[in-house]
Every structure is written in structure tokens, then in C-alpha cells.
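S.K.: Handing you this structure, nothing more for now.
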Amino acid sequence: MEIVYVYTKKRSEFGRQCNFSDRPAELHVDILPDPSQMDNYIERNPCDTPTQCAQEMSEHEVNTERFQTETRGINHVEGGWPKDINPQEMEQTIRYRKKVEKDENYINTVLQLGSLMEHCIKQNTAIDIYQQYFEEEEASEVAEEQPSAKTINVFRDPNEIKRTATGLSWHPDGAKKLAVAYSSLEFQRATKDMSFDSYIWDIENPDKPEMTLKPVSLLVCLEYNPKDSHVLIGGCYNGQIAYWDTRKGSQPVEMSTVEHSHRDPVYKVIWLQSKTGTDYFSASTDGHVLWWDIRKMSEPTERLILDPSRKGNLDNALGAISLEFETTMPTKFMVGTEQGQVVSCNRKAKTPAEKIVCTYSGHHGPIYALQRNPFFPKNFLTVADWTARIWSEEIKESSIMWTKYHMTYLTDGCWSPVRPAVFFTTRMDGTLDVWDLLFKQNDPTLSLKVCDESLYSLRVQDNGRFLACGSQLGTTTLLEISPGLCTLQRNEKALATAMFERETKREKILEARHREMRLKERSRSEQSKEEEAKDVDTEESSEDLVARAEKEFFEVVEFELKKREREEEKSQSKADSEKEVSEEKEAQDLS
Numbered sequence: 001m002e003i004v005y006v007y008t009k010k011r012s013e014f015g016r017q018c019n020f021s022d023r024p025a026e027l028h029v030d031i032l033p034d035p036s037q038m039d040n041y042i043e044r045n046p047c048d049t050p051t052q053c054a055q056e057m058s059e060h061e062v063n064t065e066r067f068q069t070e071t072r073g074i075n076h077v078e079g080g081w082p083k084d085i086n087p088q089e090m091e092q093t094i095r096y097r098k099k100v101e102k103d104e105n106y107i108n109t110v111l112q113l114g115s116l117m118e119h120c121i122k123q124n125t126a127i128d129i130y131q132q133y134f135e136e137e138e139a140s141e142v143a144e145e146q147p148s149a150k151t152i153n154v155f156r157d158p159n160e161i162k163r164t165a166t167g168l169s170w171h172p173d174g175a176k177k178l179a180v181a182y183s184s185l186e187f188q189r190a191t192k193d194m195s196f197d198s199y200i201w202d203i204e205n206p207d208k209p210e211m212t213l214k215p216v217s218l219l220v221c222l223e224y225n226p227k228d229s230h231v232l233i234g235g236c237y238n239g240q241i242a243y244w245d246t247r248k249g250s251q252p253v254e255m256s257t258v259e260h261s262h263r264d265p266v267y268k269v270i271w272l273q274s275k276t277g278t279d280y281f282s283a284s285t286d287g288h289v290l291w292w293d294i295r296k297m298s299e300p301t302e303r304l305i306l307d308p309s310r311k312g313n314l315d316n317a318l319g320a321i322s323l324e325f326e327t328t329m330p331t332k333f334m335v336g337t338e339q340g341q342v343v344s345c346n347r348k349a350k351t352p353a354e355k356i357v358c359t360y361s362g363h364h365g366p367i368y369a370l371q372r373n374p375f376f377p378k379n380f381l382t383v384a385d386w387t388a389r390i391w392s393e394e395i396k397e398s399s400i401m402w403t404k405y406h407m408t409y410l411t412d413g414c415w416s417p418v419r420p421a422v423f424f425t426t427r428m429d430g431t432l433d434v435w436d437l438l439f440k441q442n443d444p445t446l447s448l449k450v451c452d453e454s455l456y457s458l459r460v461q462d463n464g465r466f467l468a469c470g471s472q473l474g475t476t477t478l479l480e481i482s483p484g485l486c487t488l489q490r491n492e493k494a495l496a497t498a499m500f501e502r503e504t505k506r507e508k509i510l511e512a513r514h515r516e517m518r519l520k521e522r523s524r525s526e527q528s529k530e531e532e533a534k535d536v537d538t539e540e541s542s543e544d545l546v547a548r549a550e551k552e553f554f555e556v557v558e559f560e561l562k563k564r565e566r567e568e569e570k571s572q573s574k575a576d577s578e579k580e581v582s583e584e585k586e587a588q589d590l591s
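The working numbering puts the first residue of the sequence shown at 1, with every later residue one more than the last.
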């Protein structure tokens, strides 16, 4: 409970004062020894007592009172004018200046101060106080330093019911502010008492947010306008999109209408490169990608249905969960889907069917992060299921590089803005992994246990030095990584180019080999089908042959039967003739 008011009084002004005085000791209870207790005593023999030549230490903990600070500003205006002169009136100020300049004391004072000022200016010209010495030695020390990261600050969700930090966005003018979107993405877990507020934090003051954003629904994503640091755009859980101007307060300046908004939570919004700096586009799991202009939020300027069959059927649409837009490629953009596919699109295509260029398949779950390499835009990073994969635009069948399969789900990832071979991933067990592909590819260069709960979001500041991680319980941890991981190494661009080209070439060779094997299997299957067809044809034409064979068989059987009958008749006649001969011989013998 916070103390709102403090009342101070002297001790003598309330209650009766306690008076203490010295007095001798008094005996209140006397417990006499009991000899029968000696029977319960068991002597321990032998008795082992360990000793150590060290000082005994004790540990104590104490909770100190949190000291809250506030930042206040003051505007200085032109002063020093007499009371009878209005500084806003040009004529009065000019008249007074001329009067002062004619004064002799003024001239003497200016001449006296001018000599001092001239001396300081000459000193600055002679010595460069900002000169950096021993730059080469510092670089060699950076190269030898072990990869590390340290926690700078922790920003906690100030509400009693904790929500997940689902979106992070750095202030475009330096790393002084961080906008955090808080939401609950678990189905039907949002309670009635849950706050909808999201916050903008000053990274040097973790006790109190600098500004509160008050949307009509929980904010899933939040983005600063890179051209106007006062303007933010946010995607809500109910599908609406709101934009804020920090100069106009906590309430959104304008919101999209429910009828023309998304039907599912808006998972990603990205500002487009335009002359006005007011265009952006959004993606949601309802299968739509919508283009907007903050000057007209009543309806989107353009729509795209992510139907891979290119028929514009919303029933077959893929749910979008991540977006990628590279300013050097103003017409191209990429969408990561719930189904594990990356859809490459061209906004300036003539027909809606031609806007979906191709798809990349290789993940087993939703693609939570999708980003092109800032140095090599043809290569992009995807984070989903248990792996992070690096792809080349030229190869659609498989990725060119990938991490090992982790024991826990990956939740987010991004490239380093200053080193082409370094990227970061977050895991569901609260671990942040830093990968340096030029150092080693099988394992992360640095694994850091940030918190006990799941990490959900990740964002790197433009100088690559500061890193913000948002967790499931709304805790945003600000980390500073070691200089070796945020300083461009010697020949790193050339080595990274060679590595990506080598892996791309290898995948092309493997894909050509697989294609050749598939063609061979297809030709074999076609040959086997032709043989089966021939066998079917021969079976159909052999009906006559079967009938003829049956006829011949029965003819042979009939011939054999007749032959057997003839042989039986011959043997019978022979037996009869032999019998007659024997009877004649018997008759002759009798006679």
C-alpha cells in the first residue's frame, strides 16, 4: 500500500511518554535440575568435529525502499528585460538595444570579455579534446573479448494481472525510449479486470512508464513511425488499428472502423517507404493483408487475400502472423503464415493473382519471425517450430542454412543491424541465443538465460548494442551485448557473401540432383504403367487364346480316352484268344 500523506508531530504532542528507570534484577522463575534426565543422556564417542582455517561469514538480506524518480523539463525564454519593456514588441527591444549599445560600460565589458573568449577559442583550435587515441589497439582488444551480455534494466508490467509483452519498438531518434505492447494471446484467458494499457518506457527509468497508451482493445503490435518519432501505429486484438500522436495525449488520434478492419488479431504492422510517411500495411490470421493511410483510417487503400491457389478464395487463405518489408525493394514484401509457409508478394502486379509470386516451404509450425538480411536482402531469416532457417530468394524448395533442432520452441528472432553474419533468437524456456555464423554454425556463440518464463518478443536497437526481450509475464529485459558482437569485423562482409553464395550453390547442386532423381523415378513409373497397360491389352486379346487352349485340351483328353479304350479292347481280345488256345490244349491232352 502506498503512503499518500505523511503527518509529522512531535513525540510530546501525543500519547503518554514512557519513563524508564534503573532497578535491580528480579528472579521470576527458578527451574531446579532434575537428576532423572541424566538417563536420557547418550555420550557420543567418537566425536568428529571438522575445522577450517577460514573466517566464518553470515549472509543477510534486506529490502530497501524503492526510490522513484520523475523527469521534469523547463523551457527557458528570453529574459533580462526591464519591466517597462515587452519582449514581444520588436520596436521596444530594438530601441532598448540601441540605447544599451551606446553606453560606455557596455563597450568596455564586451572588449574585456572578448579577450577571454578569444583565448578559449584559440585553445579549442589548438587541441582537439574529442580526439580518440590508440584506435587500432582498442579494435584488437575488442576482437579478443569473449562474447557476453549484461542486463541494463528490467521493465515490468505495472498492472496486477500480468500480460505478455507481444510487441516492441525502439524510438527512431536514438535508444532512449522503448514502446511495449501488452496483450494476452491465450484463447479466452483475458479477464474483465485486465488492463488494455500499453506503455512507452524511458530506458533509464524502469520504475514508471513515461507515457501510457490507451487503446480500445489489447495491443498485439506497436511501431514507431521512422519519419515522425511522435507517431505510433498499433494493431489490436479485436482486429482494429489505431494510431497515436504522443503530443496529443494517451488516447488514439484515430482508429480504423470495425467493418473494414481485420477479423482476427493484427499480428504485425509495418510502415511503408513513401513521400508522405503516412502509409503502412498490416497482416492478420484472417488471411488478409491490408494497406492503410493514417490520413484516412475509415477504410484500407488496398487489400490482398493470401490464397496460394491465386483465386482470391478466403476459405483457402493462409493466416499471416509475420511481415517483412525492405525499403530498398519498395514493391516486394513477404508474409510468414501460420501454416509454416513464406509467401513472397509483389504489390505492383497488375492482377490480384499475380501479386502472389511464390511460396517457400520448410517449417512445421507458424513462422513467428521473418526478416531480410540488412546487408544481403536476397537472404532472409525465418524463425518457427524448433529451428531458425536462412533462405535465398533463388531457391524455393529448401533453405540454405539452418540451426539445430532445439528442445524447446523458438518464439522470435532478428538479424543484427551492424553485423551481417550475426542474428538473435529467443526460446520458450527463457533463453536468448546469439548466433555468429562466421564463428560457428552448429551451436550459438552465446546462450543467455534471461528469465524463467517464456520469451515472446525480441527487438535490436539500430546501433546493434542494445537488445530488448519481452516475456510471457510482461517483463521486458534490456540487455547490452559485448562490443565484439556489435562491431563490424574485418572482411566480414566479404566472408559472409562468400558463405551465403557457397551455401546457395550447394543447395542448387543438391536440388538439381534431386530433380534428376525425381525425373528418373517418374520415367520408371511411367514405363511400369506402360507395361501394365500392355499386359492389360494382352489379357484382353488372349480370351480367344484361352478358348482355343481349352478346346485343344479337351480334344487331347478325348483322344487319350479313346486311345485308352482301344488298348483295353485289344488286351481283352488277346486274353480271350489265349484262353481259347489253352482250352484247346487241355482237350487234346485229355484225348
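All residues carry an ideal CB built from backbone N, CA and C; glycine is no exception.
Is it a yes or a no for the stretch 269-276 touching the stretch 248-261, going by three-plus beta-carbon pairs under 8 Å?
M.R.: No, the stretch 269-276 is not in contact with the stretch 248-261.
S.K.: Determine the direct distance from the alpha carbon of Glu583 to that of Asp576, and round the result to whole angstroms.
M.R.: The alpha-carbon atoms of Asp576 and Glu583 are separated by roughly 11 Å.
S.K.: To the nearest angstrom, how far is the alpha carbon of Gln472 from that of Ser454?
M.R.: Whole-angstrom Cα-Cα distance: 5 Å.
S.K.: So Thr151 packs on Leu479, CB below 8 Å; how close in whole Å?
M.R.: Confirmed, Cβ separation roughly 6 Å.
S.K.: The beta strand (DSSP E) spanning Thr93 covers which residue range?
M.R.: Taken as a continuous stretch (DSSP letters only), Thr93 belongs to no beta strand (DSSP E), being part of the alpha helix (DSSP H) at 90-101.
S.K.: When you compare the CB positions of Ser361 and Gly340, do they come within less than 8 Å of one another, or not?
M.R.: Yes; because the gap between Cβ atoms is below 8 Å, this pair is in contact.
S.K.: Starting from Phe466, follow the beta strand (DSSP E) in both directions and report where the run begins and ends.
M.R.: Counting along the chain, the beta strand (DSSP E) containing Phe466 begins and ends at 466-471.
S.K.: Grab the span of the beta strand (DSSP E) containing Ser344 for me, first residue to last.
M.R.: 341-346 is the span of the beta strand (DSSP E), which, as asked, contains Ser344.
S.K.: Using the C-alpha atoms, what's the distance from Lys227 back to Gly277?
M.R.: C-alpha separation (whole angstroms): 6 Å.
S.K.: Taking the alpha-carbon of Thr164 as reference, which of Lys177, Asp197, Trp170 has the nearest alpha-carbon?
M.R.: If we check each option's Cα against that of Thr164, Asp197 comes out closest.
S.K.: Expressed to the nearest angstrom, what Euclidean distance is found between the alpha-carbon atoms of Asn373 and Asn379?
M.R.: Between Asn373 and Asn379, the C-alpha separation is close to 6 Å.
S.K.: Would you call the stretch 33-41 and the stretch 175-182 touching, i.e. three or more CB-CB distances under 8 Å?
M.R.: No: the two stretches stay apart, fewer than three of their Cβ pairs being nearer than 8 Å.
S.K.: Note down, in chain order, each residue of its chain lying with its Cβ closer than 8 Å to the Cβ of Trp81, except the 5 sequence neighbours on either side.
M.R.: Hits under 8 Å: Pro87, Thr93, Tyr96.
S.K.: For Cys358, list the residues DSSP reports as bridge partners.
M.R.: BP columns for Cys358 point to Ser344.
S.K.: Can you tell me where the beta strand (DSSP E) with Val231 in it begins and where it stops?
M.R.: Val231 -> beta strand (DSSP E) spans 231-236.
S.K.: Tell me the DSSP secondary structure of Met407 in three-state form.
M.R.: The answer is coil: DSSP assigns Met407 none of H, G, I, E or B.
S.K.: Taking 8 Å as the threshold (C-beta atoms), are Thr403 and Asp429 in contact?
M.R.: Contact: no.
S.K.: Using 10 angstroms around the beta-carbon of Val581, count the other beta-carbons present and answer buried if the total reaches 16, otherwise exposed.
M.R.: Flag for Val581 reads exposed.
S.K.: Hey, quick one: how far does the alpha helix (DSSP H) through Met117 stretch, first residue to last?
M.R.: Looking at the DSSP string, the run of the alpha helix (DSSP H) that includes Met117 is 104-126.
S.K.: If contact is defined by three or more beta carbon pairs under 8 Å, each pair taking one atom from either stretch, is the stretch 180-189 in contact with the stretch 480-500?
M.R.: No, they do not touch.
S.K.: Under the three-state reduction of DSSP, which class applies to Ser457: helix, strand or coil?
M.R.: DSSP places Ser457 in strand when its eight states are reduced to three.
S.K.: Just tell me which of His288, Asp286, Pro300 has its CA closest to the CA of Tyr280.
M.R.: The option with the nearest alpha carbon to Tyr280 is Pro300.
S.K.: Could you give the distance in angstroms between the alpha-carbon of Lys348 and the alpha-carbon of Leu304?
M.R.: Straight-line Cα distance between these residues: approximately 12 Å.
S.K.: Hey, how far is the Cα of Lys585 from the Cα of Phe553?
M.R.: Roughly 48 Å separates the two Cα atoms.
S.K.: Between the stretch 492-506 and the stretch 455-470, can you find at least three pairs of beta-carbon atoms closer than 8 Å?
M.R.: Verdict: no, contact absent.
S.K.: Between the C-alpha atoms of Ala242 and Gly167, what's the straight-line distance to the nearest angstrom?
M.R.: Each residue's alpha carbon lies about 15 Å from the other.
S.K.: With DSSP as the reference, label Arg506 as helix, strand or coil.
M.R.: Three-state result, Arg506: helix.
S.K.: Alpha carbon to alpha carbon, what distance is there between Pro483 and Glu145?
M.R.: In a straight line, the C-alpha of Glu145 is about 8 Å away from that of Pro483.
S.K.: So, with DSSP's three-state summary, where would you put His514?
M.R.: The answer is helix: DSSP assigns His514 an H, G or I state.
S.K.: Do Ser282 and Val266 come within 8 Å of each other at the CB atom, strictly closer than that value?
M.R.: The answer is yes: Cβ separation under 8 Å.
S.K.: Is there contact between the stretch 501-517 and the stretch 436-446, where contact requires at least three CB pairs shorter than 8 Å?
M.R.: No, the stretch 501-517 does not touch the stretch 436-446.
S.K.: Verify the contact flag: Ile200, CB atom, against every heavy atom of the ligand SAM, threshold strictly below 7 Å.
M.R.: Although the ligand SAM was asked about, the structure shown includes no ligands whatsoever.
S.K.: Find out if the Cβ-Cβ distance for the pair Ser284, Gly239 is shorter than 8 Å.
M.R.: Yes, the Cβ-Cβ distance between Ser284 and Gly239 is below 8 Å.
S.K.: Name the residue from Val216, Gln588, Leu370 whose alpha carbon lies nearest to the alpha carbon of Trp415.
M.R.: When only C-alpha atoms are compared, the closest one is Leu370.
S.K.: My output table needs one value for Leu590: the three-state DSSP class, helix, strand or coil.
M.R.: Helix at Leu590.
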